[in-house]
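Trainee: Supplied in structure tokens, the structure appears directly below.
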Amino acid sequence: MKTSNVWIIAAGAAASMMLGANTAKAEDGEWEFSVAPFYLWAKGIEGNSSAGGRELPLALDFKDDILENLDAAFAIHFEARKDRLTLFAEYNYAKLDPGSTATAGPVTLKADVEFKDIMAEAGLTWAVAESATLRWEILGGLRYYKQDLDIKLKSDREGGQLLPESASVGDRWLHPFAGGRVIADLGERWTFRARADYGYEGSDNTALQGIATLDYRFSDWGSAFFGYRYYEMDFDNGASRRDQYGFDGNQQGPLLGVNLYF
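According to mature numbering (1 follows the signal peptide of the UniProt record, and there is no 0), the stretch in the sequence shown is residues -26 to -1, 1 to 236, in order.
Here it is, written out as structure tokens:
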């Protein structure tokens, strides 16, 4: 893995999902803002991807597979809160370049794979109950997903000539989601947050997500958080032949990051 990629990961591998917008205490009626630009989700991927009716099992461990083959990543999460209302927006981008080899008689084949994964969402929460230390919110919004997978085979012969066996598959899709979030103050500096939501756009386009974090407020302008995130997705575009694309699996793992307040 390139050194520059390590800095990309450290700077923000996947800033995601409502993970800790511990907004500053402000006067009633004032807007409070937070952004999480420094976020790492050490996730693993397990499931099945399908293209053209053929399934490809996926089992990628963060340490041994994803971290080794991560080419680029960027993520950011933003929230704006006023009284009971919170607006949020988020963008996540990751590019993986895993490679593998296989033999076909005396010829060794190398598969160059480029996998791009984009997830973005926007929505709002509304506090339905609140006390001095506890806040219950309902939430809803719209999520956008895009996956592109390019595969090229090269031989070990001189020049590494490109073989006819190459493919570019993928798709993009939308679904609305709804759920809830709870925020509990555990002391002067510690805050617990938990979020759960479900996305649905038909039986072939669903997603289930759960996030739990602990946040430590080290100053008025910043805090650090850590926790765990689980995201399960089931998608199939229902197309026939070469246009068919689907993904059925989960991404999960520990997370940590920093929030900035203004």
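A virtual CB, placed ideally from N, CA and C, is assigned to each residue, including glycine.
I'd like the span of the beta strand (DSSP E) that includes T187, first residue to last.
Mentor: N179 to R191
Trainee: Measure the alpha-carbon distance for Y235 versus F7 and round it to whole angstroms.
Mentor: 6 Å
Trainee: Would you check if the distance between the CB atom of Y205 and the CB atom of Q183 is smaller than 8 Å?
Mentor: yes
Trainee: What number of angstroms, rounded off, separates the C-alpha of D194 from the C-alpha of T107?
Mentor: Approximately 18 Å, taken between the alpha carbons.
Trainee: Using only the alpha-carbon positions, how far apart do residue 250 and L70 sit?
Mentor: The structure shown does not extend to residue 250, since the chain spans only -26 to 236, so no value can be given for it.
Trainee: Contact defined as beta carbons within less than 8 Å: I believe W5 pairs with A54. What is the distance between those atoms, to the nearest angstrom?
Mentor: 6 Å
Trainee: Let me check understanding here. Comparing Cα to Cα, which of Y65, T60 and L148 lies closest to A49?
Mentor: Y65
Trainee: Compare the Cα-Cα distances from G103 to each of L14, D210 and E111 and report the closest residue.
Mentor: Per the sequence shown, residue 103 should be read as Ala rather than Gly. Nearest of L14, D210 and E111 to A103, Cα basis: E111.
Trainee: Just how far apart, CA to CA, sit A94 and S105?
Mentor: 31 Å
Trainee: Write down the C-beta distance between V9 and F62 rounded to the nearest angstrom, noting that I regard them as a contact closer than 8 Å.
Mentor: Wrong, their Cβ atoms sit about 11 Å apart, outside the cutoff.
Trainee: Leaving out the 5 sequence neighbours to the left and right, which residues in its chain are closer than 6 Å to A168 when beta-carbon positions are compared?
Mentor: V156 and A186
Trainee: Are there any heavy atoms of the ligand PLP lying less than 7 Å away from the beta-carbon of A152, as far as the coordinates show?
Mentor: This structure lacks the ligand PLP; in fact it carries no ligand of any kind.
Trainee: Quick check: the Cα distance between A47 and F192, rounded to an integer number of angstroms?
Mentor: 27 Å
Trainee: Would you mind working out which of S197, G223, F89 and A170 sits nearest G144, comparing C-alpha positions?
Mentor: F89
Trainee: Measuring alpha carbon to alpha carbon, tell me which of G227, G231 and N233 ends up nearest E20.
Mentor: G227
Trainee: Does D194 come out as helix, strand or coil in the three-state DSSP assignment?
Mentor: coil
Trainee: Is it right to say G153 is buried, meaning 16 or more other beta carbons lie within 10 angstroms of its own, or is it exposed?
Mentor: Label assigned to G153: buried.
Trainee: Can you name the residues that DSSP bridges to W15?
Mentor: L229
Trainee: Which word fits A68, buried or exposed, when buried means at least 16 other C-beta atoms lie within 10 angstroms of its C-beta?
Mentor: Classification for A68: buried.
Trainee: Using the DSSP secondary-structure output, state which residues sit across from L61 in a beta bridge.
Mentor: A54 and L98
Trainee: When the distance is taken between beta carbons, is T180 closer than 8 Å to D210?
Mentor: Going by C-beta atoms, D210 is not nearer than 8 Å to T180.
Trainee: Applying the 10 Å Cβ sphere with the 16-neighbour rule, what's the burial state of A213?
Mentor: exposed
Trainee: So, D159 versus Q121, is the Cβ gap smaller than 8 Å?
Mentor: no
Trainee: Report the CB separation of Q225 from K17 in whole angstroms; it is logged as a contact under 8 Å.
Mentor: 5 Å
Trainee: Less than 8 Å separating the beta-carbons of T60 and L98?
Mentor: Taking 8 Å as the Cβ cut-off, T60 and L98 qualify as a contacting pair.
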